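Just below is one structure, and these are the notes that go with it.
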Amino acid sequence: MPETDPSQSLLRLLADQPDTARDLSLVADFDITRRDPVENLSLPSGEPLEVVAGDASGGSYYLVGPETAARRPVLYADSEGGASLVAADLAEALSVFIALAWWRDAGNGTDLADLEAELRENEPGIDELRAGLTAALGLPAVSLEHARDLLLAAAARTAPDYVPIADFPDAEPYELLFEPV
Numbered sequence: 012m013p014e015t016d017p018s019q020s021l022l023r024l025l026a027d028q029p030d031t032a033r034d035l036s037l038v039a040d041f042d043i044t045r046r047d048p049v050e051n052l053s054l055p056s057g058e059p060l061e062v063v064a065g066d067a068s069g070g071s072y073y074l075v076g077p078e079t080a081a082r083r084p085v086l087y088a089d090s091e092g093g094a095s096l097v098a099a100d101l102a103e104a105l106s107v108f109i110a111l112a113w114w115r116d117a118g119n120g121t122d123l124a125d126l127e128a129e130l131r132e133n134e135p136g137i138d139e140l141r142a143g144l145t146a147a148l149g150l151p152a153v154s155l156e157h158a159r160d161l162l163l164a165a166a167a168r169t170a171p172d173y174v175p176i177a178d179f180p181d182a183e184p185y186e187l188l189f190e191p192v
């Protein structure tokens with residue numbers, strides 16, 4: 012059966028290029044070696060979740076839906092009980108994360124220029140890292156504003172079907188990371 016999910020190709024590419032995977036973890040805190048889920052989760056929609064990466068704070072990134080789907084949204088669940096769809100698919104998610112290394116702060120009315128200035132102060136070689144990542148992954152470079160628009164559009168689709176709940180008795184649904192507008 013031919014592969015229909017392009018996310019698997021990106022994940023294989025990252026597995027085959029450890030330097031690229033390391034740079035992605037450095038820039039975007041998306042680490043493919045961290046595949047232990049924050050906890051066992053399920054969705055109201057009943058769609059399956061596949062952990063594809065984690066972050067340094069214990070959060071997990073999931074592909075949503077069956078492996079046979081042509082496009083699988085990306086869900087992020089943090090270790091504090093917050094969650095959100097972050098992109099329509101893995102390629103879009105990585106483009107957003109490369110542009111908005113601090114994507115968690117991008118939807119709270121924070122000025123993008125201030126966030127970018129702080130990033131540049133802490134990581135003077137960010138332009139080279141971003142260019143290297145987009146080239147290695149075959150992704151388009153997106154502007155800060157477009158990345159935020161993509162992120163918030165995905166986040167707006169989270170409720171009700173993609174709000175995860177932990178698989179234990181009396182668990183409450185996760186809180187939305189971004190308030191609907």
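Just add 11 to wherever you are in the sequence shown, counting from 1, and you've got my numbering. Note that the Cβ used here is the ideal one computed from N, Cα and C, for glycine as well. Note that the structure is predicted; figures quoted are calculated from it, not measured.
| Check | Outcome |
| --- | --- |
| At least three beta-carbon pairs within less than 8 Å, the region 150 to 157 to the region 101 to 115 | yes |
| 8 Å Cβ cutoff met for LEU60 and VAL75 | yes |
| Inter-residue spacing [alpha-carbon to alpha-carbon] between ARG168 and LEU96 | 7 Å |
| Cβ pair SER18, LEU144 closer than 8 Å | no |
| Beta-carbon proximity check, VAL49 vs ALA88, cutoff 8 Å | yes |
| Between the CA atoms of GLY118 and PHE189 - distance to the nearest angstrom | 6 Å |
| Buried versus exposed, by CB contacts within 10 Å (16 or more), ALA165 | buried |
| The region 37 to 45 in contact with the region 124 to 141 per 3-pair CB rule at 8 Å | yes |
| Nearest to ALA124 (by Cα), restricted to the options ARG159, ALA94, LEU22, ASP181 | ARG159 |
| Beta-carbon proximity of ILE43 to ALA67, cut-off 8 Å | no |
| DSSP beta-bridge partners of VAL85 | LEU74, ALA98 |
| Nearest residue (CA-CA) to ARG82, options LEU21, ALA142, LEU163 | LEU21 |
| Helix, strand or coil at PRO17 according to DSSP, with G and I counted as helix | helix |
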